[in-house]
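What follows is a short report on a single structure.
Residue numbers (this note's numbering), protein chains in the order written: chain A, 6 to 215; chain B, 148 to 582.
See the structure below:
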């Protein structure tokens, strides 16, 4: 028998596992999967409990395709940013990771600067560039592209809010009337999690840790 | 036999009638006919039905858990929800272990499949509870990886099939939704699933493996735009891969592996489709260096495979010559192209001649290696090319009425001649097999 034949034979093992081995192997997988799920929960708990808190304004958005099943799609003031109006880095491309420095203005937090790396100080949120629309004329009448009009669409992982069935439409209406805001917990690396929703400045939903 | 389902009883009646005829004609001895009847009597009639139903039941339970995502469970405290999630997952695993120890291995497989679906449901429900909606691809990846690990640990065929499906959904989401294309991370995970299928010697997994591989390739082709490869470059790249799969399959078949035969079939089909596409005039090429180097690397690898095939006597001279020509066709563009030129125009009739040659070579290869599949594939390729040329050219030469009349006659005559030739070749294949 050649070397290759021997190697192939060594790879094949169609016989089922012995009962004891099967029980141990399956139990080990259960433990690993349970640990993974536990880690998911732990990560969010830590973020919600100890993260910095900011309040972000929620933008009204086209209502046609937003309410899906039992969650409301949330778009923030900081979801669409004009590069030239902000300090820091520029020329971001689709798929880039971006850190947005936030500054408080009248109780709500607004974008102040864009960074390619996590800033060493200040309050910042981590996001991803979904779309980067390049320089183009501002209106159909203009021929010349507006060089300083690069617009970024960003996502931060806080764009969906799951709600009890049947309550989504109310929230959607309130969101479109500009009355909703979100309380966001920020981790030390800028990772964000929704902590609660505010209606006219009053907390209406708050996420319990358990 | 009383407990048999109706289709088994119908089969029993049919085989009894056939055996009587075969014994009368002298094709089967009386002794062998009795042996076949006894074997049928002793079969555990319909015993797979409960297993299939239990697998379907597991899938339905899993789907029920998944649809729980949409249900209203806001009244429940979070801690209780989490307890339900962990307890249901633990119960499915516990049931699998208990059933396996009681030697109900089929039902244990169903419980493992249920556990796999529950693991995915748990990921989604926890994501819902904490409003985690951004990393959908990451969630799918975790689910697929959990399934694959379980399939390896338990040597479970049902979970392995599930893993292939989940991995494919994951790579589809990454390629088409998240725009990660080509999605290279898929390949190690796919290889791990394929290796397990190979270890278990489970034929359906070979099909799943090859189908998902070519599906991944198709989804990822667009991503090669990043390397400045155009449609023609992509076609030759895919052709080189299809030839690799074909040659590896041939070699594996010679080593006595069933997977080899399956891979050869898929490699041959995809090669046939890609060669056919060479005739389309919208193909464009670039002389990109990364493309040239990739084709040359595949070419060298394929020559090595062909060498091993020759060592194993996997081919006759016709087979070797044909494969040599195919390899040359794949590699030459990488050498002779210069700059941004559309150098390879196969649309002037050259493509048609080459495709007919390929079809005839396939028929010879199938006849010589006693492969009915390759013979039939060769005839299919031949007929497809004839129809393509007929549709492309005849209408331009004659007026419409004559076009249809002559076309009809040609089709009838052609199909009659083709069928006679096919039967003759298949008979030759039969002789080869008998020898």
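For every residue, glycine included, the Cβ atom is placed at its ideal position computed from N, Cα and C.
Since the structure is predicted, the reported quantities are computational estimates derived from the model, not experimental observations.
Bridge-paired residues (DSSP) for residue i
i, result
"residue 156 of chain A", "A:87, A:138"
"residue 167 of chain A", "A:76"
"residue 128 of chain A", "A:107"
"residue 397 of chain B", "In the DSSP output, where bridge partners are listed per residue, residue 397 of chain B has none listed."
"residue 81 of chain A", "A:63"
"residue 58 of chain A", "A:190"
C-beta contact flag for residue i and residue j at 8 angstroms
i, j, result
"residue 160 of chain B", "residue 21 of chain A", "no"
"residue 83 of chain A", "residue 185 of chain A", "no"
"residue 114 of chain A", "residue 60 of chain A", "yes"
"residue 260 of chain B", "residue 206 of chain B", "yes"
"residue 239 of chain B", "residue 255 of chain B", "no"
"residue 465 of chain B", "residue 515 of chain B", "yes"
"residue 524 of chain B", "residue 415 of chain B", "yes"
"residue 296 of chain B", "residue 307 of chain B", "no"
"residue 322 of chain B", "residue 285 of chain B", "no"
"residue 213 of chain A", "residue 225 of chain B", "yes"
"residue 232 of chain B", "residue 272 of chain B", "yes"
"residue 187 of chain A", "residue 204 of chain A", "no"
Residue i at chain A interface by Cβ criterion, 8 angstroms
i, result
"residue 247 of chain B", "yes"
"residue 240 of chain B", "yes"
"residue 302 of chain B", "yes"
"residue 243 of chain B", "yes"
"residue 225 of chain B", "yes"
"residue 432 of chain B", "no"
"residue 233 of chain B", "yes"
"residue 555 of chain B", "no"
"residue 229 of chain B", "yes"
"residue 407 of chain B", "no"
"residue 509 of chain B", "no"
"residue 200 of chain B", "no"
"residue 404 of chain B", "yes"
"residue 561 of chain B", "no"
Residue-level contact to chain B via CB, residue i, 8 angstroms cutoff
i, result
"residue 51 of chain A", "no"
"residue 213 of chain A", "yes"
"residue 56 of chain A", "no"
"residue 163 of chain A", "yes"
"residue 139 of chain A", "no"
"residue 111 of chain A", "no"
"residue 166 of chain A", "yes"
"residue 31 of chain A", "yes"
"residue 100 of chain A", "yes"
Straight-line gap, residue i to residue j (C-alpha atoms, nearest Å)
i, j, result
"residue 264 of chain B", "residue 478 of chain B", "45 angstroms"
"residue 457 of chain B", "residue 401 of chain B", "11 angstroms"
"residue 356 of chain B", "residue 180 of chain B", "39 angstroms"
"residue 433 of chain B", "residue 388 of chain B", "19 angstroms"
"residue 229 of chain B", "residue 470 of chain B", "59 angstroms"
"residue 73 of chain A", "residue 276 of chain B", "For residue 73 of chain A, the predicted structure reports a pLDDT of 43, less than 50, and the residue's modelled location is therefore unreliable. A value from the coordinates is still provided. Approximately 16 angstroms, taken between the alpha carbons."
"residue 170 of chain B", "residue 182 of chain B", "13 angstroms"
"residue 392 of chain B", "residue 324 of chain B", "28 angstroms"
"residue 88 of chain A", "residue 101 of chain A", "14 angstroms"
"residue 110 of chain A", "residue 155 of chain A", "24 angstroms"
"residue 327 of chain B", "residue 370 of chain B", "8 angstroms"
"residue 305 of chain B", "residue 207 of chain A", "51 angstroms"
"residue 120 of chain A", "residue 106 of chain A", "8 angstroms"
"residue 156 of chain B", "residue 18 of chain A", "36 angstroms"
"residue 422 of chain B", "residue 353 of chain B", "24 angstroms"
"residue 500 of chain B", "residue 538 of chain B", "16 angstroms"
"residue 562 of chain B", "residue 447 of chain B", "40 angstroms"
"residue 85 of chain A", "residue 191 of chain A", "19 angstroms"
"residue 360 of chain B", "residue 438 of chain B", "20 angstroms"
"residue 127 of chain A", "residue 189 of chain A", "16 angstroms"
"residue 91 of chain A", "residue 108 of chain A", "12 angstroms"
"residue 96 of chain A", "residue 30 of chain A", "50 angstroms"
"residue 557 of chain B", "residue 566 of chain B", "14 angstroms"
"residue 202 of chain B", "residue 247 of chain B", "15 angstroms"
To be precise: take each residue of the region 338 to 370 of chain B, compare its Cβ to all Cβ atoms of chain A, and keep it if any distance is under 9 angstroms. Which residues remain?
342, 345, 346, 347, 348, 349
Within 8 angstroms of chain A by C-beta, residues of the region 270 to 300 of chain B in sequence order
270, 273, 274, 275, 276, 277, 278, 279, 280, 281, 282, 289, 293, 296, 297, 300
Can you give me, in chain order, the residues of the region 6 to 27 of chain A that have a beta carbon less than 8 angstroms from any beta carbon in chain B?
9, 10, 13, 16, 17, 18, 19, 21, 22, 24, 27
Residues of the region 447 to 479 of chain B whose Cβ lies closer than 8 angstroms to any Cβ of chain A, in chain order
none
Any C-beta of chain A within less than 7 angstroms: which residues of the region 251 to 266 of chain B qualify?
252, 266
Could you name the residues of the region 33 to 47 of chain A whose beta carbon sits closer than 8 angstroms to any beta carbon of chain E, in the order they occur along the chain?
Reference to chain E is not applicable here, since the protein chains of this structure are A and B.
Which residues, in chain order, does the region 188 to 205 of chain A contribute to contact with chain B at a C-beta distance below 8 angstroms?
198, 199
Name the residues in the region 373 to 402 of chain B whose C-beta lies less than 7 angstroms from a C-beta of chain A; which are they?
402
With 8 angstroms as the limit, tell me which residues of the region 322 to 336 of chain B have their beta carbon closer than that to any beta carbon of chain A; keep them in chain order.
Per Cβ criterion, the list reads 326.
Closer than 7 angstroms, Cβ to any Cβ of chain B: which residues of the region 118 to 134 of chain A, in chain order?
Hits within the stretch: zero.
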